[in-house]
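Protein chains: 2
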Amino acid sequence: MELSDRKKQILRAIVDIYVSTAEPVGSKAIAALPDMSFSSATIRNEMAELTQMGLLEQPHTSAGRVPSAAGYRLYIDELMQDYRLSVDETKSLSGAMELKMQEFDKLLSQVGQLVSKATNLPAYTVASHQGDVTAKRYDLIMAGPDSFILVLMTTGEVVKNKLIKLPLEVSEQDLKLLSAVLNASLTELTAEEFTNELLSRVTRNAGAAASLVPVIVDFTLSVLREQERSNVHLTGHMRLLGQPEYRDVEKAQEVLETLDEETISNLPAALHQQGPVQFLVGPENVAKELKDTSVVMMRFDIGEGMQGTIGVVGPTRMDYAKVTAKLSYFAENLGKMFQKNAAPALPDSIETKED
Amino acid sequence: MELSDRKKQILRAIVDIYVSTAEPVGSKAIAALPDMSFSSATIRNEMAELTQMGLLEQPHTSAGRVPSAAGYRLYIDELMQDYRLSVDETKSLSGAMELKMQEFDKLLSQVGQLVSKATNLPAYTVASHQGDVTAKRYDLIMAGPDSFILVLMTTGEVVKNKLIKLPLEVSEQDLKLLSAVLNASLTELTAEEFTNELLSRVTRNAGAAASLVPVIVDFTLSVLREQERSNVHLTGHMRLLGQPEYRDVEKAQEVLETLDEETISNLPAALHQQGPVQFLVGPENVAKELKDTSVVMMRFDIGEGMQGTIGVVGPTRMDYAKVTAKLSYFAENLGKMFQKNAAPALPDSIETKED
DNA sequence: ACATGGCACTCATTTCCGTTGAGTGCCATG
DNA sequence: CATGGCACTCAACGGAAATGAGTGCCATGT
Numbered sequence: 072m073e074l075s076d077r078k079k080q081i082l083r084a085i086v087d088i089y090v091s092t093a094e095p096v097g098s099k100a101i102a103a104l105p106d107m108s109f110s111s112a113t114i115r116n117e118m119a120e121l122t123q124m125g126l127l128e129q130p131h132t133s134a135g136r137v138p139s140a141a142g143y144r145l146y147i148d149e150l151m152q153d154y155r156l157s158v159d160e161t162k163s164l165s166g167a168m169e170l171k172m173q174e175f176d177k178l179l180s181q182v183g184q185l186v187s188k189a190t191n192l193p194a195y196t197v198a199s200h201q202g203d204v205t206a207k208r209y210d211l212i213m214a215g216p217d218s219f220i221l222v223l224m225t226t227g228e229v230v231k232n233k234l235i236k237l238p239l240e241v242s243e244q245d246l247k248l249l250s251a252v253l254n255a256s257l258t259e260l261t262a263e264e265f266t267n268e269l270l271s272r273v274t275r276n277a278g279a280a281a282s283l284v285p286v287i288v289d290f291t292l293s294v295l296r297e298q299e300r301s302n303v304h305l306t307g308h309m310r311l312l313g314q315p316e317y318r319d320v321e322k323a324q325e326v327l328e329t330l331d332e333e334t335i336s337n338l339p340a341a342l343h344q345q346g347p348v349q350f351l352v353g354p355e356n357v358a359k360e361l362k363d364t365s366v367v368m369m370r371f372d373i374g375e376g377m378q379g380t381i382g383v384v385g386p387t388r389m390d391y392a393k394v395t396a397k398l399s400y401f402a403e404n405l406g407k408m409f410q411k412n413a414a415p416a417l418p419d420s421i422e423t424k425e426d
Numbered sequence: 072m073e074l075s076d077r078k079k080q081i082l083r084a085i086v087d088i089y090v091s092t093a094e095p096v097g098s099k100a101i102a103a104l105p106d107m108s109f110s111s112a113t114i115r116n117e118m119a120e121l122t123q124m125g126l127l128e129q130p131h132t133s134a135g136r137v138p139s140a141a142g143y144r145l146y147i148d149e150l151m152q153d154y155r156l157s158v159d160e161t162k163s164l165s166g167a168m169e170l171k172m173q174e175f176d177k178l179l180s181q182v183g184q185l186v187s188k189a190t191n192l193p194a195y196t197v198a199s200h201q202g203d204v205t206a207k208r209y210d211l212i213m214a215g216p217d218s219f220i221l222v223l224m225t226t227g228e229v230v231k232n233k234l235i236k237l238p239l240e241v242s243e244q245d246l247k248l249l250s251a252v253l254n255a256s257l258t259e260l261t262a263e264e265f266t267n268e269l270l271s272r273v274t275r276n277a278g279a280a281a282s283l284v285p286v287i288v289d290f291t292l293s294v295l296r297e298q299e300r301s302n303v304h305l306t307g308h309m310r311l312l313g314q315p316e317y318r319d320v321e322k323a324q325e326v327l328e329t330l331d332e333e334t335i336s337n338l339p340a341a342l343h344q345q346g347p348v349q350f351l352v353g354p355e356n357v358a359k360e361l362k363d364t365s366v367v368m369m370r371f372d373i374g375e376g377m378q379g380t381i382g383v384v385g386p387t388r389m390d391y392a393k394v395t396a397k398l399s400y401f402a403e404n405l406g407k408m409f410q411k412n413a414a415p416a417l418p419d420s421i422e423t424k425e426d
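Protein chains in written order, with the working numbering: chain X, 72 to 426; chain L, 72 to 426.
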């Protein structure tokens, strides 16, 4: 069923006011708005109907109204107006974004911190792989009498290394042979495809450096597995305490205890629609402890078969428009950074990817 | 001046009770203790004196007594009895310690999480270098037409790598030359010792691959700098909320806002004594916002010229004995892991160090 | 000289109750 | 069908009284 324009206007007004005051909104407050040309009585009648439709809620008989989860959902889907960042806001955000492209993980975790700071809410970033993660290239370096450095490159252009210390008499030649074998047999395999049979064949062909094989395989598997599961960075938990709904420590604790990397990585399961920006409102959330919190998340493209998400967690009463605008800003700039990075050019400090 | 045995006994009782109840302790409660053979009136007199000596405090006239910072200090230095972990406790701790030696950083951050969980308080870990951090060895790998992998090993056996993408026509030979030059000229230098003059000489000698030099140097400097400043991992902030002194959100927020990696790395400045285990009680702390919190920290040896610390942050009223016991457990086991690691032997998954 | 029981006093905390005021629902009116 | 008016509801505020844990000090006993 369709809402009348007047009901929409009133619902929007209620959400807008409630978002900034965190107090139930009364009919008088709405009637007092500049572009509201009805009396409080009329608004009361409309509000009664909106309540009956399940879009508003009344904490108790003689209190104002508060948007219900359904109300927020409708607001987000149909009524929310784009928030335009002010010049000042843009300036402070862009000031913050001046960070070096260091380790990929660190970059994401830094951006998470920026988002959290900018929104004054807990924020998270996720980097997840699309498709299979496999080893692409192995290199072995002789680093000392009993020291070897293994350098492993995986899909997604991620490079990891490990210092191996083993008392072992081998020549550069032996290492060359081993890495040739590794590159021939153990590339383009996901962690699951490392069978025992395969490994024993590799060990047999490995020559003098065969005793390195188990360590190398262990490492490779742990790198592949780590990259398979999405990498979540969550920061700024304590900013929730600034929100009036968590003035009660019990409430805050409950939410904060549920809010870990684990929970975050389960969030996408609750999504219905598709699209670059997603909202999970209150009870739509995965964990029941989060029934009064909402999540706004936004995708951005990393390239190299990877997919990033930045998100913000806050009370259901959250300034969705503003948060969305800020997330967009960051997502857009991250996207740009990665595009720049993809193009092999420009000898400055952000066009390379390291690990 | 020396305290009478009876005063000591009473002070200890007050700290012990207050630590577990978080309520001011009255004379009656003390008199009721099994090994207390004096009447409440006698204890009242003693308490009055202890108060006058500045070891106890009285929140208001008709309330019980609470240990002052000086009282805690005396308790820690003289009265505290070793807490023996129960079998159950040891079991649950040792269960938790079964973690793989993965990336060094990750290991520390995991241990931090374990400590925080075990003590139910915020915890941190620090790894800091003793002495200069310098580059030890450079290797260059040709990873594709326009891709090069730089592998850098520094003091402390830390290995880092970076994928460099530059459109550049060079041969394996050119790379070999460049790495020889790097190893000859840019090792055993701290970040400060990288002068412009030196760099231009290196660039001149670098041959065909000279355009890689700026990227390599940038990376090297950032790795050296990152290792110079101590690496702090802080987790479990929200566990503070479980403590009764932070039932008031305002208080909690104030502390949580000050409690960041920055503050933690400044803590050692406040230490007077030496020793493996250190206590910072309330106002002894660096930041005034932390005047009601205490820190217990414990050193452990990493080897390779590195030095580790694990620590716990909590209210001044904290079970110092229990926390110390648990920290000892973790510090000891970490120490063992690193000793094992130092000895180049045993082909299982914890004897190598990776990054 | 010192431990103890007794007692008056203090003061934070809790409980109760009346007041206030924001907000609603509904009805009569224009 | 919008509006003004009016009775009603109920959380929140505030002050007064009751409660009780704890102290300080004194008189007494050993």
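Backbone N, C-alpha and C fix where the C-beta goes; we use that ideal spot for every residue, glycine too.
Asked	Found
Looking only at C-alpha atoms, which of L:Y209, L:T274, L:A280 and L:F109 sits nearest to Q244 of chain L?	L:A280
According to DSSP, is A358 of chain X part of a helix, a strand, or is it coil?	coil
Does the stretch 379 to 394 of chain X come close enough to the stretch 354 to 371 of chain X that 3 or more CB-CB pairs lie under 8 Å?	yes
Would you grab the beta carbon distance between L126 of chain X and A141 of chain X for me? Rounded to a whole angstrom, and I think it's under 8 Å.	6 Å
Out of L:V222, L:S75, L:L145 and L:E94, which has the shortest C-alpha to C-alpha gap to F350 of chain L?	L:L145
For the 8 Å Cβ check, are there 3 or more pairs between the stretch 376 to 383 of chain X and the stretch 185 to 200 of chain X?	yes
Rounded to whole angstroms, what is the Cα-Cα separation between E422 of chain L and N404 of chain L?	A caution first: E422 of chain L carries a pLDDT of 35, below 50, which makes its placement in the model unreliable, though a value can still be read off. One C-alpha to the other measures close to 14 Å.
Specify the secondary structure class of F109 of chain L as computed by DSSP and reduced to three states.	coil
Roughly how many angstroms separate the alpha carbons of E73 of chain X and K177 of chain L, rounded to a whole number?	54 Å
Roughly how many whole angstroms lie between the Cα atoms of L38 of chain X and A396 of chain X?	Lying outside 72 to 426, the shown extent of chain X, residue 38 of chain X is not represented and no answer is given.
For E228 of chain X, which residues in chain L fall below 7 Å Cβ to Cβ?	L234
Just to confirm before moving on: does the CB-CB distance between T266 of chain L and A206 of chain L stay below 8 Å?	no
Enumerate in chain order the residues of its own chain whose CB-to-CB distance from F290 of chain L is below 6 Å, with the five nearest sequence positions on each side excluded.	K233
Give the straight-line distance between the Cα atoms of G215 of chain L and E316 of chain L, rounded to the nearest whole angstrom.	59 Å
Beta carbon of V137 of chain X, beta carbon of P105 of chain X: below 8 Å?	no
Just checking, does the stretch 319 to 329 of chain L make contact with the stretch 331 to 344 of chain X on the three C-beta pairs under 8 Å criterion?	no
Contact check, I114 of chain X vs A103 of chain X under 8 Å by CB: the rounded distance?	Actually they are not in contact, since the Cβ atoms of I114 of chain X and A103 of chain X sit about 10 Å apart, beyond 8 Å.
Given a cut-off of 8 Å, decide if V204 of chain X and T190 of chain X are closer than it, judged by their beta-carbon atoms.	no
Span of the alpha helix (DSSP H) holding F290 of chain L?	V284 to E299
Do R296 of chain L and A262 of chain L have their CB atoms nearer than 8 Å?	yes
Suppose you measure from the CA of K79 of chain L to the CA of Y143 of chain L; what does that come to, to the nearest Å?	12 Å
When you compare only the Cα positions, how much space is there between V303 of chain X and E332 of chain X?	6 Å
May I have the straight-line CA-CA distance separating L342 of chain X from S139 of chain X, to the nearest angstrom?	19 Å
Can you check whether the C-beta of I212 of chain X is within less than 8 Å of a C-beta belonging to chain L?	yes
Which of the three DSSP states, helix, strand or coil, is assigned to L164 of chain L?	helix
How is H308 of chain L classed by DSSP in three states: helix, strand or coil?	helix
Determine the chain L residues that contact Q427 of chain X at a beta-carbon separation under 8 Å, and present them in chain order.	Nothing can be reported for residue 427 of chain X: it is not among the residues displayed for chain X, which extend from 72 to 426.
Excluding five sequence neighbours on each side, which residues of the same chain lie with their C-beta closer than 6 Å to the C-beta of S180 of chain L?	H304
Taking N16 of chain X as the reference, which of X:L253, X:S293, X:E264 and X:V288 has the closest Cα?	Since the displayed chain X opens at 72 and closes at 426, residue 16 of chain X lies outside it and no answer follows.
At 8 Å on the CB atoms, spell out the chain L contacts of M224 of chain X, in chain order.	A214, I220 and L234
Should A134 of chain X be labelled buried (16 or more other beta-carbon atoms within 10 Å of its own) or exposed?	exposed
For Q298 of chain X, count neighbouring Cβ atoms within 10 angstroms of its own Cβ and tell me buried if that reaches 16, exposed if not.	buried
When DSSP labels each residue in this structure, what does F21 of chain L get in the three-state scheme?	The question about residue 21 of chain L has no answer here: the residues shown for chain L are numbered 72 through 426.
Find the residues of chain X that neighbour R208 of chain L, judging by a C-beta separation of less than 7 Å, and give them in chain order.	A214
Per DSSP, E325 of chain L is paired with what?	E325 of chain L pairs with nothing; no bridge assigned.
Contact criterion: CB-CB distance below 8 Å. Does A84 of chain X meet it with respect to chain L?	no
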